[in-house]
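First the structure, in the form of structure tokens, and then the observations on it.
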Amino acid sequence: QSGWALQSAADNLKADKEVVLAAVATTGYALMFAADHFKADKEVVLAAVASNGESFQFASDTLTANKDFVLAVVRVCGFALKFAKPPLNQDTDCMDAASTFDEDQHKKHERDERQSCP
Numbered sequence: 244q245s246g247w248a249l250q251s252a253a254d255n256l257k258a259d260k261e262v263v264l265a266a267v268a269t270t271g272y273a274l275m276f277a278a279d280h281f282k283a284d285k286e287v288v289l290a291a292v293a294s295n296g297e298s299f300q301f302a303s304d305t306l307t308a309n310k311d312f313v314l315a316v317v318r319v320c321g322f323a324l325k326f327a328k329p330p331l332n333q334d335t336d337c338m339d340a341a342s343t344f345d346e347d348q349h350k351k352h353e354r355d356e357r358q359s360c361p
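All residue numbers for the sequence shown refer to the working numbering, where the first residue is 244 and numbers rise by one.
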């Protein structure tokens, strides 16, 4: 079943971790419809990012500003770095983990504009 079903699901389903994990695993964008506390749940957000890197934009500010978590996310999908909070979105460690930083040239590479990651 498509994760888009979470959009019209009852609130109790949007608050059920098993349901949300299943939804974001098939459709990362389903994270936007999950109960707010799941947007701060590392397991749920990583599952969403693994499905679609753009889903990181729906993660909580706490997670998008957490360097250790951003590093974990960009190792799954480098494209998601675009949604990390400044200054992490330009942090050399994060860019390197996302394969967007050239240590020899000390400059940022253009990020792959794919909207999802394998």
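Where a beta carbon is used, it is the ideal one built from N, C-alpha and C, also for glycine.
query                                                                                                                                               : result
Does DSSP put residue 257 in a helix, in a strand, or in coil?                                                                                      : helix
For residue 266 and residue 336, I'd like the C-alpha separation in whole angstroms.                                                                : 31 Å
If distances are taken between C-alpha atoms only, which option among 328, 326, 329, 321 comes closest to residue 338?                              : 321
Nearest to residue 258 by CA position, among 246, 269, 276, is which residue?                                                                       : 276
Does DSSP classify residue 310 as helix, strand or coil?                                                                                            : helix
So, is residue 279 buried or exposed, given that buried needs 16 or more other C-beta atoms within 10 angstroms?                                    : exposed
Beta-carbon within less than 7 Å of residue 350's beta-carbon, same chain only, minus the 5 sequence neighbours each way: which residues are those? : With a pLDDT of 48 at residue 350, under the threshold of 50, the modelled position of this residue cannot be trusted; read the value that follows with caution. So no residue of the chain qualifies.
In the structure shown, what three-state DSSP assignment does residue 268 receive?                                                                  : helix
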